[in-house]
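One structure is given here, and the rest of the page talks about it.
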Amino acid sequence: MSRIIALSGGIGGAKLALGLASLLPPEELLIVANTGDDFEHLGLSISPDIDTLTYTLAGLDNPSLGWGRRDETWSFMETLAALGGETWFRLGDRDLALHVERTQRLRAGETLTAVTQRIAARLGIRATLLPMSDDAVRTRIRTPEGWLDFQHWFVREQCRPVVLDVAFDGAAGARANPALLAALRAQPRAIVICPSNPLISVEPILALPGVRDAILGCGAPVLAVSPIIGGQAVKGPTATMLRELGTAPSAAAVAQRYGALLTHYVMESAEDAAGIAPKVIRAPTLMRTLKDKIALARTVLAAL
Ligand code: FO1
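Quick note: the sequence shown uses the working numbering, first residue 40, plus one each step.
Laid out in structure tokens, this is it:
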């Protein structure tokens, strides 16, 4: 039974997940991926955070893009462009195979959990990787132009429209992954909130019925790692989103969003800890190399 439950979005979260997977026996690590970014595109079921976690844990990630597969080729996209198809969301040739395989199996009636686990096993991942839910939850962003589907705002519009609100369509009626709820009932050693965007990567997981209460009720420490360094996100729109929603971006602002959920918070030594209630652990949180990822994971496990 999993003893450490890691909640993760894409790139930043996946880096810490890899560090944890490098240190823990596989049966002691459960990684739960946000699926609020999921969408259907070109007839395919795309699960960006599951993809990034899968590729990162399998050593197949594309470090320069931060998404997709390494050693990628783009014949499919080039051909699609020549035919006048939609090219704002890029699917590399190798990546395409994963989406086709996932889509086929979902259409045949398999759950996203089963498909995710099969692909992870095929790629040699030994820790458990699960979607937060098998039901569709879709993050949407309210902008001055109206509500946008997440990938339309994030990729097609390059996060340019100002964020006025964030919603997780379907979350209230979705069932959290039963394996997550079971792991939370089975006296986990700790919950780790990876350094992902709180607004769009972690809060969709917490919005699922029963998850927040199960975390609070499980009695385990809950540790988050700050995704903000020096008022900036390492990658992605976390800082801009916080600002547009009326909060000055800082490590403390993220801790405050998680509120009473947290018992521990890991952040850089230069960050201001004023107003942070949980126990603060100072550590380097920038993860460039595998060594950095393992070092941060070691700090996290030592704190717990
Ligand atoms: N992000 C981009 O900025 N541009 C893309 O063309 C793109 C394609 C893509 C394909 C598959 C996949 O799993 C992820 C992809 N992403 C792309 C990343 C992704 O949409 C976002 O980084 C996440 O949703 C935010 O966490």
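Beta carbons are placed, not taken as given, at the ideal position from N, Cα and C, and that holds for glycine.
Three-state secondary structure assigned by DSSP to residue i
i      : result
Asp134 : helix
Ile9   : In the structure as shown, the chain starts at 40 and stops at 343, and residue 9 therefore has no counterpart that could be examined.
Ser61  : helix
Lys318 : strand
Glu307 : coil
Glu111 : coil
Leu300 : helix
Ala97  : coil
Pro122 : Note that residue 122 is Leu in the sequence shown, not Pro. Reduced to three states, the DSSP call for Leu122 is coil.
Gly27  : The structure shown does not extend to residue 27, since the chain spans only 40 to 343, so no value can be given for it.
Pro237 : helix
Ala291 : helix
Thr286 : coil
Leu55  : helix
Met116 : helix
Arg144 : helix
Thr355 : Within the shown structure, residues of the chain are numbered from 40 to 343, placing residue 355 beyond reach of any answer.
Thr324 : coil
Leu343 : coil
Arg337 : helix
Nearest-angstrom beta carbon gap, residue j and residue i [assumed within contact, 8 angstroms]
i      : j      : result
Asp77  : Thr91  : At roughly 12 angstroms, the Cβ-Cβ gap does not stay under 8 angstroms, so Asp77 and Thr91 are not in contact.
Gly275 : Asn236 : 6 angstroms
Ala294 : Ile315 : 5 angstroms
Leu262 : Val305 : 7 angstroms
Leu55  : Leu335 : 6 angstroms
Thr74  : Pro170 : 5 angstroms
Leu145 : Ser84  : 5 angstroms
Arg26  : Arg133 : The first residue shown for the chain is 40 and the last is 343, placing residue 26 beyond what the model contains.
Val231 : Leu96  : About 15 angstroms separates the two Cβ atoms, so there is no contact after all.
Gly51  : Pro266 : 5 angstroms
Ala222 : Leu69  : 5 angstroms
Ser289 : Glu310 : 7 angstroms
Ala159 : Leu168 : 5 angstroms
Those residues which DSSP pairs with residue i across a bridge
i      : result
Lys332 : Lys332 is not bridged to any residue.
Gln271 : Ile268
Ile85  : Phe78
Ser47  : Ala72
Val261 : Ile230
Phe207 : Thr178
Limits of the alpha helix (DSSP H) - the one that residue i falls within
i      : result
Glu283 : 277 to 283
Leu255 : 250 to 256
Ala221 : 217 to 224
Ala313 : Neither: Ala313 is in no alpha helix (DSSP H) and is coded neither H nor E.
Arg214 : Here Arg214 belongs to no alpha helix (DSSP H), and DSSP marks it neither H nor E.
Residue range of the unbroken beta strand (DSSP E) whose run includes residue i
i      : result
Ala344 : Here the chain comprises residues numbered 40 to 343, so residue 344 is not present and cannot be evaluated.
is_contact[residue i, chain D] using C-beta, thresh 8 angstroms
i      : result
Val273 : Absent from the structure: chain D. Only one protein chain is present.
Next item on the list: Please list the segments of the beta strand (DSSP E) lying wholly inside the segment 147 to 205, counting only runs of 3 or more residues, in order along the chain.
Entry: Counting only runs of 3 or more residues that sit fully inside the segment 147 to 205, the beta strand (DSSP E) segments are 167 to 170, 177 to 182, 185 to 188, in chain order.
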